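Letter by letter, the sequence shown follows residues 0 to 222 in numbering that gives the first Met the number 0.
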Amino acid sequence: MMKRLLAQIVGLLYENQCSICNETCSNSIVCKFCENEFVIRGDNYIKHLDKVKSYVWGMYEGKLRQGIINLKNGNKKLAPYFGKKIAELWEKFPEDIKFGNSLVIPIPSHKKRIKERGFCQTSLIANEFAKTLSLGILNESIVRRKETRFMNTLQSVEERKNNIKDAFEINDRNSIYKCVENIFIVDDIVTSGSTISELASTISTYCPNVNLIGVAVASGDKY
Ligand SMILES: [Zn+2]
Numbered sequence: 000m001m002k003r004l005l006a007q008i009v010g011l012l013y014e015n016q017c018s019i020c021n022e023t024c025s026n027s028i029v030c031k032f033c034e035n036e037f038v039i040r041g042d043n044y045i046k047h048l049d050k051v052k053s054y055v056w057g058m059y060e061g062k063l064r065q066g067i068i069n070l071k072n073g074n075k076k077l078a079p080y081f082g083k084k085i086a087e088l089w090e091k092f093p094e095d096i097k098f099g100n101s102l103v104i105p106i107p108s109h110k111k112r113i114k115e116r117g118f119c120q121t122s123l124i125a126n127e128f129a130k131t132l133s134l135g136i137l138n139e140s141i142v143r144r145k146e147t148r149f150m151n152t153l154q155s156v157e158e159r160k161n162n163i164k165d166a167f168e169i170n171d172r173n174s175i176y177k178c179v180e181n182i183f184i185v186d187d188i189v190t191s192g193s194t195i196s197e198l199a200s201t202i203s204t205y206c207p208n209v210n211l212i213g214v215a216v217a218s219g220d221k222y
């Protein structure tokens, strides 16, 4: 109680608000109270998908879930915050991946959704991830040509696969051809993994020998 009160007084001095709970907090995007409630994935941080291994930072629940929802609802400040968090996964990546030439590609949003939201949250997360780790990034080489339904509204894996099938298109083949050894595909939430798998399969058509690694902020309990 006293701690919170003190945090509020300090917050007033700096006029800063937590981007998740809206309580005043010192000079960070997210307050310590919210951060302490995040459930960081332990040993089950890797999800093995068709063509790609995916590393997930936290559990999609509680305050982390709220943070991702707030980001999608327009709180842009949370994107670089989450980008830094997923960069912490670096130490879990295999050694050969750490020392190869790498590029970062965010899962693109459909242009209609970018217009509604004003930004593409995965691009912003990926920008910070790339910046923190000094990696190159390709932001506009791949587009989402199909307007897909939200994955969490679909129940079966089959429905999710069909929803995302052929959704992506490479519009700048030259940049992808400059193939590197590793490509990190960045997403906010992993549900069944169909989205990362679909983008991985689109990329591997052009770069069959590249290592594809998925990186995401959160995934739910089932996954
Ligand atoms: Zn908070």
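Backbone N, C-alpha and C define an ideal beta-carbon position, used for all residues, glycine too.
Keep in mind that this is a model prediction, so the values were computed, not measured.
Exercise for review: List the whole-angstrom C-beta distance separating residue 164 from residue 197, where the pair is believed to meet the contact cut-off of C-beta under 8 Å.
Suggested key: 7 Å
**Asked** From 182, 200, 192, pick the residue whose C-alpha is nearest to that of residue 97; which is it?
**Response** When only C-alpha atoms are compared, the closest one is 182.
Check for me: the alpha helix (DSSP H) holding residue 80 runs from which residue to which? 77-86
TODO: Could you spell out where the beta strand (DSSP E) holding residue 231 opens and where it closes?
DONE: As shown, the chain starts at 0 and ends at 222. That puts residue 231 outside it, with no answer to give.
| Since residue 46 sits in a beta bridge, which residues does DSSP pair it with? | Answer is 53.
Problem set entry | Among 162, 39, 107, 50, nearest to residue 141 - alpha-carbon criterion | 107
Problem - residue 30 beta carbon near ligand 1 (any heavy atom closer than 6 Å) - result: Of the heavy atoms belonging to ligand 1, at least one sits nearer than 6 Å to the Cβ of residue 30.
TODO: Flag residue 19 as yes when its Cβ comes closer than 6 Å to any non-hydrogen atom of ligand 1, and as no otherwise.
DONE: yes
Between residue 105 and residue 138, how many whole angstroms is the CB-CB distance? I'm expecting something under 8 Å.
7 Å
Margin query: Closest to residue 193 by C-alpha separation, out of 26, 48, 15, would be which residue?
Written below: 48
Less than 6 Å separating the Cβ of residue 206 from some heavy atom of ligand 1? Answer for residue 206: no, Cβ out of range of ligand 1.
### Task
Could you please give the first and the last residue of the uninterrupted beta strand (DSSP E) stretch that includes residue 166?
Note, residue 166: premise wrong, no beta strand (DSSP E); not H, not E.
Could you pull the DSSP bridge partners for residue 105 from this structure? 185
task = Answer yes or no: the CB of residue 33 versus the heavy atoms of ligand 1, is any distance below 6 Å?
result = yes
Suppose you measure from the CA of residue 91 to the CA of residue 60; what does that come to, to the nearest Å? 22 Å
Assess contact between the segment 63-82 and the segment 113-130, defined as three or more Cβ pairs (one per stretch) separated by less than 8 Å. Is contact present?
A contact exists between the segment 63-82 and the segment 113-130.
Alpha-carbon to alpha-carbon, residue 179 and residue 209 | 7 Å
Alpha carbon to alpha carbon, how far is residue 174 from residue 40? Give it in angstroms, no decimals.
-> The straight-line gap from Cα to Cα measures roughly 34 Å.
### Message
Taking the alpha helix (DSSP H) that residue 143 belongs to, which residues open and close that run?
### Response
Not the alpha helix (DSSP H): residue 143 falls in the beta strand (DSSP E), residues 141-143.
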